[in-house]
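Here the protein sequences come in this chain order: A, B, C and D.
Residues in the first sequence are numbered from 0 upward in steps of one, following numbering that gives the first Met the number 0.
Residues in the second sequence are numbered from 0 upward in steps of one, following numbering that gives the first Met the number 0.
Residues in the third sequence are numbered from 0 upward in steps of one, following numbering that gives the first Met the number 0.
Residues in the fourth sequence are numbered from 0 upward in steps of one, following numbering that gives the first Met the number 0.
By construction, the Cβ of each residue, glycine as well, lies at the ideal position given by its N, Cα and C atoms.
Small disclaimer: the values here were computed from a predicted structure and weren't measured.
4 protein chains.
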Amino acid sequence: MHNIPVGVLGASGYAGRQLCDLIVRHPRLSLAFATANEQSGQRAIFGGQEVVFTPTSDAPLAEAELVFCALPHGASASWVAKAADAGARVVDLSQDLRPGTATERVPYGLPELLRSTIAGARVVANPGCYPTAMLLAIAPLINAGKVPPGATVSVSAASGVTGAGHSPKPELLYAEIAENFRAYAVGNEHRHLAEVRAVVSSLGGNLDVLFTPHLLPVARGILATITVPITESLGDPQELWRSHYAGEQFVRVVGSPPALRDVVHTNSALIHVSAASAVRQPTLIVLCAIDNLMKGAAGQAVQNANLMLGLDEAMGLAA
Amino acid sequence: MHNIPVGVLGASGYAGRQLCDLIVRHPRLSLAFATANEQSGQRAIFGGQEVVFTPTSDAPLAEAELVFCALPHGASASWVAKAADAGARVVDLSQDLRPGTATERVPYGLPELLRSTIAGARVVANPGCYPTAMLLAIAPLINAGKVPPGATVSVSAASGVTGAGHSPKPELLYAEIAENFRAYAVGNEHRHLAEVRAVVSSLGGNLDVLFTPHLLPVARGILATITVPITESLGDPQELWRSHYAGEQFVRVVGSPPALRDVVHTNSALIHVSAASAVRQPTLIVLCAIDNLMKGAAGQAVQNANLMLGLDEAMGLAA
Amino acid sequence: MHNIPVGVLGASGYAGRQLCDLIVRHPRLSLAFATANEQSGQRAIFGGQEVVFTPTSDAPLAEAELVFCALPHGASASWVAKAADAGARVVDLSQDLRPGTATERVPYGLPELLRSTIAGARVVANPGCYPTAMLLAIAPLINAGKVPPGATVSVSAASGVTGAGHSPKPELLYAEIAENFRAYAVGNEHRHLAEVRAVVSSLGGNLDVLFTPHLLPVARGILATITVPITESLGDPQELWRSHYAGEQFVRVVGSPPALRDVVHTNSALIHVSAASAVRQPTLIVLCAIDNLMKGAAGQAVQNANLMLGLDEAMGLAA
Amino acid sequence: MHNIPVGVLGASGYAGRQLCDLIVRHPRLSLAFATANEQSGQRAIFGGQEVVFTPTSDAPLAEAELVFCALPHGASASWVAKAADAGARVVDLSQDLRPGTATERVPYGLPELLRSTIAGARVVANPGCYPTAMLLAIAPLINAGKVPPGATVSVSAASGVTGAGHSPKPELLYAEIAENFRAYAVGNEHRHLAEVRAVVSSLGGNLDVLFTPHLLPVARGILATITVPITESLGDPQELWRSHYAGEQFVRVVGSPPALRDVVHTNSALIHVSAASAVRQPTLIVLCAIDNLMKGAAGQAVQNANLMLGLDEAMGLAA
């Protein structure tokens with residue numbers, strides 16, 4: 000059984016490198032090409048195999064059955080079109096084709112919520128890291144109609160620094176991040192919000208999202224801490240999530256608050272739900288932890304690719 | 000001008016060591032004794048001066064004009080009484096005498112909110128670290144009557160590990176904390192909440208507090224990220240805080256989100272306020288950063304001691 | 000093809016947990032039991048599989064074909080004997096049976112140097128983490144007779160904190176290790192030296208070892224930086240190592256200085272050799288990086304177990 | 000008593016920022032200007048005082064009695080000349096005027112070894128961070144003539160990342176440094192070696208230096224671990240250092256191995272000496288810890304400035 004050739008456009012960033020690593024270790028995929036812009040010509044080792052980044056402009060798109068596009072936001076859409084024209088299926092990790100940004104609609108690659116539209120797709124928009132954590136956390140509540148109309152869902156989330164990219168910036172130097180912690184994009188100014196709102200709306204939710212991201216002194220991982228008012232107290236607050244995600248391999252409802260350590264280097268999302276005591280408005284606290292480079296980017300992209308290529312959805316992915 | 004002798008009960012923990020360091024470097028205080036229980040007999044260096052921890056049971060209480068009591072919660076109240084009986088003023092860093100815990104009322108040592116009651120006090124209950132950050136952040140809003148009655152203030156806060164103490168526990172080992180992040184005491188189960196509620200009530204506030212603390216992979220610092228619904232939009236959302244804290248040396252309202260790095264090793268609290276956009280309910284996001292061992296413990300204790308001893312409130316404390 | 004049942008005595012420490020994780024993911028091994036002393040009754044998740052630590056005293060030794068003994072130094076030898084008496088092969092990770100400590104000699108489990116004695120062994124002494132790095136680094140030089148008789152090999156090595164164990168000690172708390180670095184056991188006082196000297200001697204080396212270990216603010220990894228005088232300049236200083244380790248899957252000679260990041264979570268040892276310039280005495284600098292919990296403990300133990308059980312030596316181990 | 004105006008050329012790097020912070024808090028110095036190249040126009044807060052970096056080309060050199068030059072290597076010498084021409088004394092933190100690099104000789108600013116030449120100087124070359132640690136560690140041995148002629152002193156040293164500068168490079172990003180450790184410039188290729196050799200020679204030493212630097216996952220601090228053969232065993236190996244540095248405020252000989260934590264944010268160098276046991280060649284292990292930005296750069300620069308300006312040598316510097 001021969002392997003399926005896949006390519007990576009924009010392989011030198013953190014998501015691109017994670018993609019290469021997953022592909023090289025994948026039982027059925029092989030890496031046809033890995034491109035970079037400024038870092039083209041550089042070498043990297045993935046799973047003991049040396050890979051040389053070739054220039055993106057020279058990408059042999061026709062050699063791949065599927066292309067992962069991990070180019071910067073804004074630069075991605077045109078390459079998605081080129082790859083599709085060359086006959087490849089495409090998983091686009093940029094923001095360019097996601098709901099809230101794109102006018103043209105392609106399936107949104109969050110399999111646990113929208114699996115049926117992904118399998119047959121030629122092009123899939125891979126979700127952002129924060130939206131993945133938020134949407135997995137609140138979708139069961141929206142689906143159950145348990146959020147009062149117009150209510151504000153308050154999300155305080157924290158991400159490791161690989162979420163800010165591999166391009167060197169002074170504020171991402173070790174000596175600036177270590178032993179530090181801060182919020183950013185405060186006041187609902189984060190580019191991921193339009194994506195979350197559009198998906199919430201498509202799921203039938205009528206609620207506002209207030210989102211405050213923070214930058215953690217860790218390399219990987221996102222923890223979203225979500226407080227959401229509910230229409231009435233639920234008996235076992237975790238039950239709704241357990242039944243909604245029954246049978247899912249990568250979403251687990253857990254009995255104690257998840258730590259980043261439980262999810263890094265895996266494609267899993269861990270969710271914990273509890274009811275707030277001693278507040279008059281019935282309120283749930285929903286915690287969701289993922290690895291921003293795995294379920295938040297490259298892992299989910301491979302999960303989508305598996306679906307698009309007719310492979311086992313979990314192939315090559317640790318839970 | 001001779002120095003004023005002060006003592007530290009429970010000097011071997013993180014707050015106790017920070018107290019010793021501040022006292023040794025203080026222009027007008029001198030360290031009369033520093034006690035420990037299990038670590039008595041150990042030596043430590045503060046400001047180049049060697050200090051030997053003596054057994055708490057042998058503390059020469061009568062030699063001190065003021066005693067800082069940094070013993071564990073539950074073990075502190077009886078020592079506060081002994082020190083007071085011996086004629087010393089006392090700043091108690093434990094929870095034992097704080098509002099929400101104690102039946103007997105002693106002044107609550109948060110000078111920026113309750114300065115007048117501290118100066119003449121014989122015994123002061125030094126606030127907890129999380130309550131200090133939360134209360135400084137929301138007091139101006141309560142004072143201005145801008146929170147709808149019965150509203151829920153949602154606090155997501157993160158603390159460095161020195162807040163969890165110096166006693167060795169497996170979950171506080173370096174290899175468990177580094178590159179990790181998690182929530183704890185989820186669902187409003189934190190012991191500090193009673194303190195916050197009692198103070199909010201004494202300030203005239205009618206609101207609920209929902210509090211989710213997190214453990215950061217940093218040694219020091221607390222950042223509280225607070226979302227609070229308000230009755231109507233404010234013009235310049237920072238103005239209320241600027242006027243409330245005008246003239247304060249240790250509380251500063253800043254124009255960009257504060258980082259832990261801006262406050263560690265200082266007694267300052269930095270506050271940033273912004274209005275949430277794109278939510279129907281007018282809502283503010285208030286950020287407050289402090290050093291949990293300084294403004295959250297030992298620094299504030301020295302600030303209270305300065306007030307009680309008639310010294311300049313800021314003496315020996317970096318802003 | 001049924002799996003081979005193996006057990007872990009002392010599974011709750013860092014090496015024991017790594018062993019459980021490797022066994023659960025191993026294609027041919029299955030975990031028959033995992034014991035602990037103080038932490039018996041606790042649960043842990045390895046590869047998605049929940050494991051409960053049972054009391055060591057209740058270990059069903061007869062159910063295992065091979066037992067990994069990861070008990071503390073001093074407590075291990077008697078359990079090795081019990082497991083052997085019960086008919087199991089044993090890989091002992093403690094110091095108890097290693098050269099330099101034990102009077103009785105069992106094969107020393109460093110496959111790249113002593114493979115032939117391991118395959119048929121009933122009991123193997125798994126090397127220490129520092130000795131593994133040091134011995135892999137200098138064995139080719141000893142073998143080639145290139146070190147002047149009586150010369151001093153100077154080893155400055157640094158280890159992550161998991162090397163210091165999982166038992167909570169104040170000096171291993173996050174707040175004590177982060178942003179810190181120090182030497183320990185200075186002056187050749189480390190317990191691993193006897194092991195290194197005995198093995199060097201058995202390899203025919205006539206040299207002294209001066210060893211200064213350091214504690215790094217990282218969870219995993221050892222880097223040994225070794226300066227060794229040589230009898231005469233070598234042409235290509237790396238050639239000796241390349242030929243000595245030709246064909247080895249877990250020892251690689253690399254062209255640039257290895258980083259801990261290159262080896263953590265793998266069973267590989269990376270070695271870099273260069274000649275010192277501008278010193279009159281011809282001298283080599285040999286660098287060797289390993290993961291202290293993998294090639295320095297559990298990974299090497301599984302490598303030895305694979306050999307003892309007639310499996311592929313690299314089975315279940317990432318290179 | 001008016002303050003002495005001093006300026007900083009190249010204030011936006013880590014050493015420059017540390018200089019600004021020390022000057023702003025110094026009892027007798029005031030900051031006349033702080034310049035930057037790419038970061039001119041940026042604002043920074045030092046000791047609660049806002050400083051705006053002005054373009055280096057506009058530096059009002061004539062307004063300063065003393066100028067600290069913290070410009071990049073190669074760009075510094077010409078600005079030192081301009082500042083001297085404008086009448087200012089100059090402390091140059093670059094490599095440009097140091098022994099081993101410069102042909103012209105200016106006093107080398109290591110007060111504990113060469114104090115007498117510094118006080119009257121117009122221009123002083125501030126030592127490098129690694130040379131400071133190495134030279135303070137071995138000078139007493141050289142002075143005592145206890146190193147065999149032609150012997151090799153082996154230095155394994157590790158530095159925090161601020162030593163690599165503030166310019167953003169991919170390899171200095173948090174996610175590349177955290178949980179990592181590696182050697183660099185292996186084989187005696189570090190630019191600081193010429194400086195060390197020239198100073199050793201000027202002190203009368205006849206020895207070779209083998210130097211292997213490493214990059215630590217910490218922001219600040221250098222630890223040098225030095226093995227040096229000696230002509231004969233010394234009784235109390237620390238005695239030589241104690242007598243050599245008697246009376247020094249910033250060099251302390253300590254009884255246990257120094258940790259970075261003991262020196263960061265101070266101008267102190269801590270030295271520990273022990274004799275190696277079980278090696279035939281009598282050998283000492285000398286450890287020296289400093290803060291690379293303090294005693295290794297800005298702190299020592301202020302110490303030199305104090306001497307040049309006739310102030311107390313320790314003014315404004317924590318020990």
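At the 8 angstroms Cβ level, is residue i part of the contact set with chain A, yes or no?
i: residue 215(B); result: yes
i: residue 47(C); result: yes
i: residue 141(B); result: no
i: residue 207(B); result: yes
Where does residue i fall in DSSP's three states?
i: residue 243(A); result: helix
i: residue 297(B); result: helix
i: residue 316(C); result: coil
i: residue 228(C); result: strand
i: residue 161(D); result: helix
i: residue 279(B); result: coil
i: residue 260(A); result: helix
i: residue 269(C); result: strand
i: residue 306(A); result: helix
i: residue 171(B); result: helix
i: residue 6(B); result: strand
Who are the neighbours of residue i on chain C, taking C-beta pairs under 7 angstroms?
i: residue 149(D); result: 279
i: residue 318(A); result: 47
i: residue 284(D); result: 185, 186 and 211
For residue i, go through chain A and note every residue whose CB falls closer than 8 angstroms to its CB, in chain order.
i: residue 218(D); result: 173, 174, 177 and 178
Taking only beta-carbon atoms, is residue i less than 8 angstroms away from chain B?
i: residue 161(C); result: yes
Can you pull the chain D neighbours of residue i, defined as C-beta to C-beta under 8 angstroms?
i: residue 187(C); result: 275, 276, 277 and 278
Beta-carbon of residue i versus every beta-carbon of chain D: anything under 8 angstroms?
i: residue 197(B); result: no
i: residue 222(C); result: yes
Listing by chain order, which chain A residues have their CB less than 7 angstroms from the CB of residue i?
i: residue 153(B); result: 153 and 226
Residues of chain B with a CB under 7 angstroms from the CB of residue i: which are they?
i: residue 290(A); result: Within 7 angstroms Cβ-Cβ: nothing; residue 290(A) doesn't reach chain B, min ~11 angstroms.
Using a beta-carbon distance below 8 angstroms, is residue i in contact with chain C?
i: residue 157(D); result: yes
Please indicate yes or no: does the CB of residue i lie closer than 7 angstroms to some heavy atom of the ligand SAH?
i: residue 266(A); result: Absence of the ligand SAH is noted for the structure shown, with no ligands found whatsoever.
Any chance you could list the beta strand (DSSP E) runs of at least 3 consecutive residues sitting entirely within the stretch 97-153 of chain A, in chain order?
122-124
Could I get the ranges of all uninterrupted beta strand (DSSP E) runs contained in the stretch 20-91 of chain C, with 3 residues as the minimum, in chain order?
28-35, 42-45, 48-51, 65-68 and 88-91
Any beta strand (DSSP E) of 3 or more consecutive residues that is wholly inside the stretch 193-225 of chain B
206-214
Of all the residues that make up the stretch 163-185 of chain C, which are near chain D by a beta-carbon distance shorter than 7 angstroms?
178, 179, 180, 181, 182, 183 and 185
Give, in chain order, every residue of the stretch 238-264 of chain B whose Cβ lies closer than 8 angstroms to some Cβ of chain A.
256, 257, 258, 259, 260 and 263
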